[in-house]
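One structure is given below, encoded as structure tokens.
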Amino acid sequence: MFVADLHNDVVQRAMIGEDITQRTDVGHSDLVRLRESCIDLEILVVWASKTPPEGSAFVIANAMYDAIEALATKNDFLTIPKTLNDITISKKNNQLSIPIAMEGGEALENSLEKLHHFIERGVFYLGPTWNYSLDWVSSGYDEVHNKKNIKHFGLSKFGQEVIHTCNDNGVMIDVSHVGEKSFWDIAAISKKPFIASHSSVYKLCTHFRNLKDDQILEIKKSQGLIGLNPYPFFIDSSFKKKEREFLKQFKNELDQITHKQPNPTASWIAKQHYLQKKLEDIVPLLDIFIDHIEYIIKLIGVDYVGIGSDYDGLDCLPQGWKDCIDHIKIAEALESRGYSVEDIEKVMGRNILRVLDLVAN
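With the sequence shown counted from 1, adding 1 to any position gets you this note's numbering.
Laid out in structure tokens, this is it:
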């Protein structure tokens with residue numbers, strides 16, 4: 002079975018000094034655990050969404066690229082594929098493919114030249130926004146919660162050029178974080194399949210990061226793919242209140258962590274590590290996540306479903322799902338619901354290969 006995970010944020014941990022080449026007892030992944038897992042392709046995300054004082058988003062994103070490439074250079078079981086054929090070869094050689102994607106277009110700095118720079122570096126997919134809107138595209142968070150931060154509602158003319166450039170150069174567009182207006186603007190002009198790398202179902206959990214039924218249908222129309230995200234906030238509407246009440250007992254500890262860390266990213270990661278085991282008692286069952294997978298299968302068919310774990314980009318996973326080694330439990334849960342081997346293999350990874358072939362050609 003070929004297994005693909007569409008979204009992993011572990012590079013952030015490497016950038017604050019953690020050694021992810023060694024087995025760690027925090028977070029959801031490192032190179033040791035990924036190698037031991039069932040995963041063949043793990044998309045690592047470059048995220049430079051808030052420019053720190055020490056440099057521009059373009060510089061930070063390139064530093065993250067450099068860090069990932071250094072990992073592949075020093076570890077011969079890793080490859081950074083640029084093409085579908087590269088992925089096929091890596092699988093045959095029992096290597097872990099770690100393509101590089103971008104979450105948020107800050108690093109483009111409103112420049113098509115800089116977009117071409119990342120295309121030359123092999124960017125696998127581009128998510129136009131993270132939670133913050135840019136000059137040329139509005140985010141899901143801002144469209145729902147912070148409209149005053151929106152500089153252009155939906156895609157601007159430059160934003161359209163970004164989408165066309167990605168289409169013309171075999172780069173997938175990821176709509177997971179964009180706003181609804183931006184989503185429909187992208188859908189209207191994209192000539193290639195587009196994906197949602199790490200989102201779930203709005204009908205089952207009304208969170209702005211999730212996809213409404215008409216969006217799910219539109220992704221099918223584009224021949225794209227939805228990577229279901231297991232984050233409890235995105236799969237269980239009751240979890241937000243549970244967590245808020247639960248965390249009150251740790252307020253002092255969390256405040257101390259914030260004060261000790263040098264920057265917001267380090268603070269967020271430290272809090273994530275601190276809370277990871279504590280939240281295990283209140284997270285939803287894995288079956289709740291499988292309900293989201295099954296909902297989309299019933300709505301648009303099994304050919305458009307994948308997994309975007311968001312490992313190391315969240316502080317907790319469903320019950321019994323500790324880290325990437327437990328990724329195989331998704332397949333086991335689908336099997337227990339009566340899905341065929343062929344359909345399970347599609348969800349676990351084969352579907353993204355179909356999309357890559359369409360985008361490249």
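Glycine included, every Cβ here is placed at the ideal spot set by N, Cα and C.
A quick note: this is a predicted structure, and the numbers were derived from the prediction, not measured.
Query: Neighbour flag for Leu335 against chain B, beta carbons, 8 Å; Result: No chain B appears in this structure, which consists of one protein chain only.
Query: Boundaries of the alpha helix (DSSP H) in which Leu354 is found, first to last residue; Result: 352-361
Query: Three-state secondary structure assigned by DSSP to Thr166; Result: helix
Query: Alpha-carbon spacing of Ile297 relative to Leu156, whole angstroms; Result: 27 Å
Query: Option in Ile331, Asp358, Asn352 with minimal Cα separation from Cys39; Result: Ile331
Query: Given Tyr203 as reference, the closest of Ser191, Pro194, Leu218 once Cα atoms are compared; Result: Leu218
Query: Spatial distance of Gly160 from Ile101 (CA atoms); Result: 21 Å
Query: Stretch pair the stretch 230-245 + the stretch 197-211: three plus CB contacts closer than 8 Å; Result: yes
Query: Of the residues Gln96, Asn211, Trp48, the one placed nearest Asn76, counting alpha carbons only; Result: Gln96
Query: Whether Tyr142 touches Phe209 by CB criterion (8 Å); Result: yes
Query: One or two residues paired with Asp405 in a DSSP bridge; Result: Residue 405 lies beyond the range of the chain shown here (2 to 362); nothing can be said about it.
Query: C-alpha distance - Val145 paired with Lys182, whole-angstrom precision; Result: 11 Å
Query: Start-end ranges of the alpha helix (DSSP H) lying completely within the stretch 85-162, minimum 4 residues; Result: 85-93, 113-121, 141-146
Query: Asp316 classed as buried or exposed, judged by whether at least 16 other C-beta atoms fall within 10 angstroms; Result: buried
Query: Uninterrupted alpha helix (DSSP H) stretches inside the stretch 286-318 (no shorter than 4 residues); Result: 287-301
Query: Touching by the beta-carbon criterion (3+ pairs, under 8 Å), the stretch 22-40 and the stretch 317-325; Result: yes
Query: Supposed contact pair Asp136 and His153 - C-beta distance, whole angstroms, cut 8 Å; Result: 6 Å
Query: Cutoff 8 Å; reference Asn132; Cβ partners in own chain excluding five residues on either side; Result: Ser50, Ser140, Gly141, Tyr142, Asp143, His178
Query: Val46 and Glu104 closer than 8 Å at C-beta; Result: yes
Query: Buried/exposed call for Thr84, threshold 16 Cβ in 10 Å; Result: exposed
Query: Element boundaries [beta strand (DSSP E), containing Leu226]; Result: 226-229
Query: Alpha helix (DSSP H) segment containing Ile61, residue limits; Result: 58-75
Query: Euclidean distance between Cα positions of Glu295 and Val284; Result: 20 Å
Query: DSSP state of Ile1 mapped onto helix, strand, coil; Result: The structure shown has nothing for residue 1, since the chain only spans 2 to 362.
Query: Proximity below 8 Å, CB of Ile17 to CB of Thr266; Result: yes
Query: Boundaries of the beta strand (DSSP E) in which His199 is found, first to last residue; Result: 196-200
Query: DSSP state of Leu205 mapped onto helix, strand, coil; Result: coil
Query: Contact between the stretch 119-133 and the stretch 163-175 (3+ Cβ pairs under 8 Å); Result: yes
Query: Burial state of Val124, where buried means 16 or more other Cβ atoms lie within 10 Å; Result: buried
Query: Where Asp327 falls: helix, strand or coil (DSSP); Result: helix
Query: Residue from Ala58, Phe59, Ile81 with nearest C-alpha to Ile69; Result: Ile81
Query: C-beta atoms of Val360 and Pro194 nearer than 8 Å; Result: yes
Query: Start and end residues, alpha helix (DSSP H) containing Ile81; Result: That residue, Ile81, is in no alpha helix (DSSP H); it is neither H nor E in DSSP.
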